[in-house]
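> Chains as they are written, first to last, in the working numbering: chain A, 89 to 458; chain B, 235 to 669. Pasting a structure below so you can have a look.
Right, here's the structure in full:
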């Protein structure tokens, strides 16, 4: 066992140096190392084609790792066929068997495990009650709405009491309201039952609200693995910063690094203070990122060491709970400031010149992609 | 017309009813009539689109079938030719040879017929008709008819002298029995039965029973062919359904290729391959698997019929299967496996049941086509692989017993309809997916 594996050996699910290639020329998954603790809710988040679904399918056993090892509860499972892994799975389009009733669908995994009829019925009813679908055992999947099918798919993945459940964009086909409701239900169930969950999505809100940990995938690599709040507030590189939530970015050059602050000369010529995250030496190009809600136009709300900069108001959008003001800052015309709709909040007129500012620690100097 | 507008306070904005409480449109026409008028144009268009094919089907499909079914019971020949004889026969008790008045009536009937223009003469059809029942009857009739003008009373002796058949009670029993405008005798014959001297329907002697066993064989062969197309077609359809679309289309052309080749060419190709001195036997002998005396009989028997027809009907099984399998997402199999089912269980419990509509459609298509198939069995069947359609063709083309051919055809049609009905009862035709 190499160093990485030893590091992760306490994990319930461990990816150890896993690589995957479909055509022998390009790697879809490049050197994946990941450990999921027992009972953890981990989300693999990323744009399509980032390798997240492939990682999930390798864990489920539907794809084989080209190299590296996947461990489940300490045991390598690369050569274990999917039906012997005992992993529950919820598919994107639910994959409820259309020729069986809801009850038969749920009974199926118990049947193939050789469970007796009365035990089966008891477990099926318990699983259905768990998702509040007890009255639907005799319906066909086609007679159910999308949200109901989703619940049944969830119940079916849980009915044989797996320790690990995988979910492949399970809420993608639902409308917004239902999706938010199901997000809550899934996390509640997962925590109540104490199961380990690996969840794949491209929806960052879903990832942030549901997970204990989020792994952001891009280009076959995990860009950052962190709890949601850390991921949002301390993105480690510019991809993560851009992918999670909204972000203002301005490119510039590092002029000076002093411990945990650095001076960046923006391309417009302005010098600002920033927190060096992904820069190592003076003269390097960098991309500084500031969250729109951390930008403030009211000097009184900022501490004394806040950095102030001139900006031109281009657009003001009233969004109800917040105001969204688009500004031109240091040559960047897509700089956004989000302010709370408070009684004393100023509604800036387009064309006016204002002064905005932020705390230096909220301005993160990240790598600058080509 | 008294129109009472519903007020908006009642919450029914824009609806109005006439004095009888029917809904009306804003200009006062009853809603139902307005809707009918609006839909009429669409219905007329639909009718105009369907009408040419409907007329074609009625004239060239429904009408000939009705006529064919009519022909299987139509029996005008004896009634037309021997009206007086039939009246005279009413007093005959069916035993022995009838008495002189019957023969006198027969003489009168035949004399009258000779006076008719040649095209209207009923004696010829009479001979043919009687010959179906009694094999020497045609020559008896025609030979007698030539001499009838020279006959003198007593006619009974004159007739029995002219041909011995007139002195046999059997002929007279047939004339009396079949002297009606409608008959069941074709169906009696088609079921391998005949009338005995007392007029009861009994089984034919075993050496003359053909049709029932032929129906049975046709059924068995059709089932075998359907089973073979299923066994060969299912894996192909499955493989095609898993391929990317462009490869699947390419291979589908290969499956459809037989459709674009002449049936005769394909069947002849099988003859070349399968005959005793054919490619397959020669290859087997050449490789030493069998010796020269042990060549397989692969054609001109049931084997040949099954092989050739399986090949020809295979696309009819593959196409519906493929179109159904295409719609079954692979995630079902994955889901089943993730739930703990072995690949075989997943296939058996999850995939296979979902292909049933395709299997049903393909099976019904292949079975119904093969049960009435003619050309291929005619070319490669020999004696043991003959099917009922070959017998029907023989009666139409050679023995010219159209009544019997029609009876056999009607039975085939009814048989297929019964099977279809049964299928519908057991499986339900609404679940069929033909493409």
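The C-beta atom is built at its ideal place from N, Cα and C for all residues, glycine as well.
Measuring only between beta-carbons, confirm whether residue 200 (chain B) sits less than 8 Å from chain A.
Outside the shown range of chain B (235 to 669) lies residue 200 (chain B), about which nothing can therefore be said.
> Secondary structure at residue 597 (chain B), three-state DSSP: helix, strand or coil?
The count along the second chain starts at 1 and reaches residue 597 (chain B) at position 363. Three-state result, residue 597 (chain B): helix.
> When the Cα of residue 334 (chain A) is compared with those of A:344, A:376, A:381, A:128, which residue comes out closest?
Residue mapping note: residue 334 (chain A) aligns to position 246 of the first chain, counting from 1. Checking every option, the nearest Cα to that of residue 334 (chain A) belongs to A:381.
> Candidates B:660, B:629, B:657, B:508: which alpha carbon is nearest residue 306 (chain B)'s?
Translated into the one-based positions of the second chain, residue 306 (chain B) becomes position 72. Among B:660, B:629, B:657, B:508, the Cα nearest to that of residue 306 (chain B) is on B:629.
> Taking only the alpha-carbon atoms, compute the straight-line gap between residue 341 (chain A) and residue 411 (chain A) and give it to the nearest angstrom.
Position 253 of the first chain, counted from the start, is the residue given in the question as residue 341 (chain A). Position 323 of the first chain, counted from the start, is the residue given in the question as residue 411 (chain A). Roughly 31 Å separates the two Cα atoms.
> Could you please tell me which residues of the region 581 to 594 of chain B, in chain order, have their CB closer than 9 Å to any CB of chain A?
Cβ contacts with chain A: 583, 584, 587, 588, 590.
> Can you give me the C-alpha to C-alpha distance between residue 318 (chain B) and residue 442 (chain B), rounded to a whole angstrom?
Taking the second chain and counting its residues from 1, the one referred to as residue 318 (chain B) is at position 84. Taking the second chain and counting its residues from 1, the one referred to as residue 442 (chain B) is at position 208. Cα to Cα, residue 318 (chain B) sits roughly 34 Å from residue 442 (chain B).
> For a quick check, are the C-beta atoms of residue 371 (chain B) and residue 381 (chain B) less than 8 Å apart?
One-based indexing of the second chain puts residue 371 (chain B) at position 137. One-based indexing of the second chain puts residue 381 (chain B) at position 147. The answer is no: Cβ separation not under 8 Å.
> Would you list, in chain order, the members of the region 115 to 149 of chain A that have their beta-carbon closer than 9 Å to a beta-carbon of chain B?
The region 115 to 149 of chain A vs chain B, Cβ under 9 Å: 145, 148, 149.
> Can you round the beta-carbon distance between residue 132 (chain A) and residue 303 (chain A) to whole angstroms, since I take them to be within the 8 Å contact cut?
The residue labelled residue 132 (chain A) in the question sits at position 44 within the first chain. The residue labelled residue 303 (chain A) in the question sits at position 215 within the first chain. Between residue 303 (chain A) and residue 132 (chain A) the Cβ distance is about 5 Å, and since that is below 8 Å, they are a contact.
> For the region 249 to 258 of chain B against the region 345 to 362 of chain A, do three or more pairs of beta-carbon atoms, one drawn from each stretch, fall closer than 8 Å, so that the two count as touching?
No, they do not touch.
> Residue 255 (chain A) by DSSP, collapsed to three states: which one?
Translated into positions along the first chain, residue 255 (chain A) becomes position 167. Residue state, collapsed to three classes: strand.
> Mind checking whether residue 573 (chain B) and residue 196 (chain A) have CB atoms under 8 Å apart?
One-based indexing of the second chain puts residue 573 (chain B) at position 339. One-based indexing of the first chain puts residue 196 (chain A) at position 108. In this structure, residue 196 (chain A) lies closer than 8 Å to residue 573 (chain B) by Cβ.
> Counting contacts by CB-CB distance shorter than 8 Å, is residue 181 (chain A) in contact with chain B?
For the purposes of this step, residue 181 (chain A) is identified with residue 93 of the first chain, where counting begins at 1. At least one chain B Cβ lies under 8 Å of residue 181 (chain A).
> Residue 373 (chain B) lies in the alpha helix (DSSP H); which residues open and close that run?
Here the question's residue 373 (chain B) lines up with position 139 in the second chain. Looking at the DSSP string, the run of the alpha helix (DSSP H) that includes residue 373 (chain B) is 371 to 381.
> Using a Cβ distance threshold of 8 Å, determine whether the region 608 to 626 of chain B contacts the region 539 to 551 of chain B, with at least three qualifying pairs required.
Yes: the two stretches touch, three or more of their Cβ pairs being nearer than 8 Å.
> Using 8 Å as the threshold, is the C-beta distance between residue 98 (chain A) and residue 107 (chain A) below it?
Here residue 98 (chain A) refers to the residue found at position 10 of the first chain. Here residue 107 (chain A) refers to the residue found at position 19 of the first chain. Not in contact: residue 98 (chain A) and residue 107 (chain A) (Cβ atoms no closer than 8 Å).
> In chain B, what lies closer than 9 Å to residue 200 (chain A) by C-beta?
As a working mapping, residue 200 (chain A) is identified with position 112 in the first chain. Those are 570, 573, 574, 575, 576, 579, 580, 583, listed as they occur along chain B.
> Taking only beta-carbon positions, decide if residue 338 (chain A) is within less than 8 Å of chain B.
Within the first chain, residue 338 (chain A) is the residue found at index 250, counting from 1. Cβ-Cβ to chain B under 8 Å: no for residue 338 (chain A).
> Would you tell me roughly how many angstroms separate the C-alpha atoms of residue 239 (chain B) and residue 265 (chain B), rounded to the nearest one?
Indexing the second chain from 1 puts residue 239 (chain B) at position 5. Indexing the second chain from 1 puts residue 265 (chain B) at position 31. Since pLDDT at residue 239 (chain B) reaches only 45, below the 50 mark, its modelled position is unreliable, and the value read off the structure follows with that caveat. Rounded to the nearest angstrom, the two C-alpha atoms are 14 Å apart.
> Taking Cβ positions only, does residue 244 (chain A) come closer than 8 Å to chain B?
Within the first chain, numbered from 1, the residue matching residue 244 (chain A) stands at position 156. At least one chain B Cβ lies under 8 Å of residue 244 (chain A).
> Step through the CB atoms of chain A and report whether any lies within less than 8 Å of the CB of residue 561 (chain B).
As a first step, residue 561 (chain B) is located in the second chain; it is residue number 327 there, counting from the start. No, residue 561 (chain B) does not count as interfacial toward chain A.
> Between which two residues does the beta strand (DSSP E) harbouring residue 107 (chain A) extend?
In the first chain, the residue the question calls residue 107 (chain A) occupies position 19. From DSSP, the beta strand (DSSP E) with residue 107 (chain A) extends over 101 to 108.
> With 8 Å as the threshold, decide whether the Cβ of residue 565 (chain B) is near any Cβ in chain A.
On the second chain, residue 565 (chain B) is found 331 positions in, with the first residue counted as 1. Chain A, which has a Cβ nearer than 8 Å to the Cβ of residue 565 (chain B), makes this yes.
> List the DSSP bridge partners of residue 483 (chain A).
Because residue 483 (chain A) is not part of the residues shown, which for chain A are 89 to 458, the question remains open.
> Run through DSSP, which three-state label would residue 261 (chain A) get?
Locating residue 261 (chain A) in the first chain gives position 173, counting from the first residue. Reduced to three states, the DSSP call for residue 261 (chain A) is coil.
> What number of angstroms, rounded off, separates the C-alpha of residue 562 (chain B) from the C-alpha of residue 588 (chain B)?
Along the second chain, one-based indexing puts residue 562 (chain B) at 328. Along the second chain, one-based indexing puts residue 588 (chain B) at 354. Approximately 7 Å, taken between the alpha carbons.
> Tell me residue 172 (chain A)'s beta-bridge partners as DSSP assigns them.
Here the question's residue 172 (chain A) lines up with position 84 in the first chain. DSSP lists no partner for residue 172 (chain A).
> Can you give me, in chain order, the residues of the region 428 to 455 of chain A that have a beta carbon less than 7 Å from any beta carbon in chain B?
Here the close residues number zero.
> Grouping DSSP H, G and I as helix and E and B as strand, with all else coil, what is residue 573 (chain B)?
Position 339 of the second chain holds residue 573 (chain B). The answer is coil: DSSP assigns residue 573 (chain B) none of H, G, I, E or B.
> How is residue 396 (chain A) classed by DSSP in three states: helix, strand or coil?
Position 308 of the first chain holds residue 396 (chain A). Strand at residue 396 (chain A).
> Report the CB separation of residue 536 (chain B) from residue 466 (chain B) in whole angstroms; it is logged as a contact under 8 Å.
Start at 1 with the first residue of the second chain, and residue 536 (chain B) comes out as number 302. Start at 1 with the first residue of the second chain, and residue 466 (chain B) comes out as number 232. Not a contact, Cβ separation roughly 18 Å.
> Do residue 244 (chain A) and residue 198 (chain A) have their beta-carbon atoms positioned less than 8 Å apart in this structure?
In the first chain, counting from the first residue as 1, residue 198 (chain A) sits at position 110. In the first chain, counting from the first residue as 1, residue 244 (chain A) sits at position 156. For residue 198 (chain A) and residue 244 (chain A), no; Cβs fall outside 8 Å.
> Please tell me whether residue 539 (chain B) has its Cβ less than 8 Å away from any Cβ of chain A.
By one-based count along the second chain, residue 539 (chain B) stands at place 305. By this cut-off, residue 539 (chain B) is not an interface position.
> Pairing CB atoms from the region 403 to 412 of chain B with CB atoms from the region 378 to 393 of chain B, are three or more of them under 8 Å?
Judged by Cβ distances under 8 Å, the region 403 to 412 of chain B makes no contact with the region 378 to 393 of chain B, as fewer than three pairs qualify.
> If we define contact as Cβ-Cβ less than 8 Å, is residue 234 (chain A) a contact residue for chain B?
The count along the first chain starts at 1 and reaches residue 234 (chain A) at position 146. Closer than 8 Å: no.
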